[in-house]
Amino acid sequence: MLTRVQSSNCRSVAALFIISLLLLCVTGVGKSESSDIQYQGSSPCDYIDDLSFNSTAANASITWQTDLGPRLPGSNASEQLRVSIVENLSTDWSFAESSHNREDFTLTNLVGTFTPNNSTGQNVVFVAHYDSRHVAERDANESMRELPIDGANDGASGVAVLIELGKIIPSLNLNHDVTLFFSDAEDQGTRGYGNTWSYGATAWVDNLTEDYKTNISAYIVIDMIGDEFLDFTKLKKTSDELWQTVIPITAALGMMETHVDCNGNYGLPIFDSLTYRDVIDDHVPAHNAGIPAINFIDINFGENASDFG
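For the sequence shown, the numbering used here gives the first residue as 1, with consecutive numbering after it.
Right, dumping it as C-alpha cells:
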C-alpha cells in the first residue's frame, strides 16, 4: 500500500515518465516500407537523472484553475484559462485557437506549436482537455448532481502537466516538432452516448490535412493524473507499437512492482502493463483517424477504488 508521502512522489515520477517518453519514443523515428512508424531510443536510465519537473508549480496551477470556477465551453473561466496558458508559454510556443459549434454551445480548442531549428518535421502531440464537467451526476450528495464540478483532477491536472512540459520541452534539444493540444468539450457528454464526448478532439482531428496526420509520430493524452494513488493501464483503441515504448520507461522510473528500476529496486504499483480498459476519451478520434495514440488516465479515484468509483 502506498503511503501519502510515496504517492505524492508518484505524481512527480509520473510526470518524469511522460518527459522520458518524449525523448525515447521519437529518437530515430522513421517510416518503414509498410508506412508503420518505428520507435527507437536509448535506455531511459542513461538520462532520467537529468530530467526535472516542477510539481509545486503544477499543483499551484491546479489550484488556480479551480479557483476560476467551472471551465465550461464558452464561459469566462474557459477564456481566462486559455489566456493564462498562452501568457505562460508564449515565449517559446506559437498558439492558435479554433472554435466549433456543437449542439447548444461553442467550443474553443487551443493549440501550441514548438518547432526546433533542426526539426525533421515529425510531430509529437500532447493532449489534455481543459474543460470541466457540467454536471456532478456521480456525486454522493444527490443535491449536487445537477451542478458543475470544479475539475481539479478531471481537467486541471492534465492541463497543469502540459503547462509544465511546455516550459521544459524547448530545452531538450529535440529534433522534431511538439504540439500542446488543450482540447475543449471533452467532458460535456451524456453517459451511454459515446458520440457526445471528445467534441474538441474530434473537431481538431477532422480538420487536419493528410500531410499533418502523417507526420504525427505520437498522440499522447494525459487525463485525470492527479489521483493520490495513481493507477495506469493500457486503454483499448490505442497504438500497440507506441505503447511498447512505455514499459521500459515505467520500469526504469520505479512505476512497476514487477520490475526493477535503474537502481535495482522493485517499483511501486503504479503501472500495470497487462490490464486493458475501455474508456472513451480524446485518444479515440485520433486512433480512428489512423494516428498512433495512447492515453495516460487513472480512472480509479482513491485507494482501492473501482473503475470510476
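Ideal Cβ placement from N, Cα and C applies to all residues, glycine included.
When DSSP labels each residue in this structure, what does residue i get in the three-state scheme?
| i | result |
| --- | --- |
| residue 75 | coil |
| residue 38 | strand |
| residue 54 | coil |
| residue 185 | coil |
| residue 237 | coil |
| residue 301 | coil |
| residue 102 | strand |
| residue 119 | coil |
| residue 258 | coil |
| residue 149 | coil |
| residue 43 | coil |
| residue 193 | coil |
| residue 266 | strand |
| residue 140 | coil |
| residue 95 | strand |
Using 8 Å for Cβ pairs, my map puts residue i next to residue j. What's the rounded Cβ distance?
| i | j | result |
| --- | --- | --- |
| residue 283 | residue 193 | In fact, because the Cβ distance is near 18 Å, the residues do not count as touching under 8 Å. |
| residue 161 | residue 58 | 6 Å |
| residue 163 | residue 19 | About 13 Å; that fails the 8 Å criterion. |
| residue 297 | residue 223 | 4 Å |
| residue 271 | residue 245 | Residue 271 to residue 245, Cβ: 13 Å. No contact. |
With burial defined as no fewer than 16 other Cβ atoms inside 10 Å of the residue's Cβ, what is the status of residue i: buried or exposed?
| i | result |
| --- | --- |
| residue 117 | exposed |
| residue 122 | buried |
| residue 308 | exposed |
| residue 127 | buried |
| residue 186 | buried |
| residue 147 | exposed |
| residue 188 | buried |
| residue 306 | exposed |
| residue 158 | buried |
| residue 286 | buried |
Grab the span of the beta strand (DSSP E) containing residue i for me, first residue to last.
| i | result |
| --- | --- |
| residue 176 | Premise fails: residue 176 is in no beta strand (DSSP E) and is neither H nor E. |
| residue 273 | 271-277 |
| residue 283 | Segment 283-288 is the alpha helix (DSSP H) holding residue 283; no beta strand (DSSP E) there. |
| residue 246 | Here residue 246 belongs to no beta strand (DSSP E); instead the alpha helix (DSSP H) covers 246-252. |
| residue 222 | 216-223 |
How would you write the range of the alpha helix (DSSP H) that residue i sits in, first residue to last?
| i | result |
| --- | --- |
| residue 202 | 199-206 |
| residue 159 | 157-168 |
State yes or no: is the beta carbon of residue i nearer than 8 Å to at least one beta carbon in chain D?
| i | result |
| --- | --- |
| residue 138 | Although the question refers to chain D, the structure presented lacks it and comprises just one protein chain. |
**Prompt:** Using 8 Å as the Cβ pair cut-off and three pairs as the minimum, do the stretch 149-160 and the stretch 86-96 touch?
**Reply:** The stretch 149-160 makes no contact with the stretch 86-96, as fewer than three CB pairs between them are under 8 Å.
**Message:** Three or more C-beta pairs under 8 Å: does that hold for the stretch 190-210 against the stretch 99-113?
**Reply:** With a cut-off of 8 Å, the stretch 99-113 and the stretch 190-210 count as touching, because enough Cβ pairs lie within range.
**Prompt:** Is there contact between the stretch 234-242 and the stretch 282-302, where contact requires at least three CB pairs shorter than 8 Å?
**Reply:** With the cut-off at 8 Å, the stretch 234-242 and the stretch 282-302 touch.
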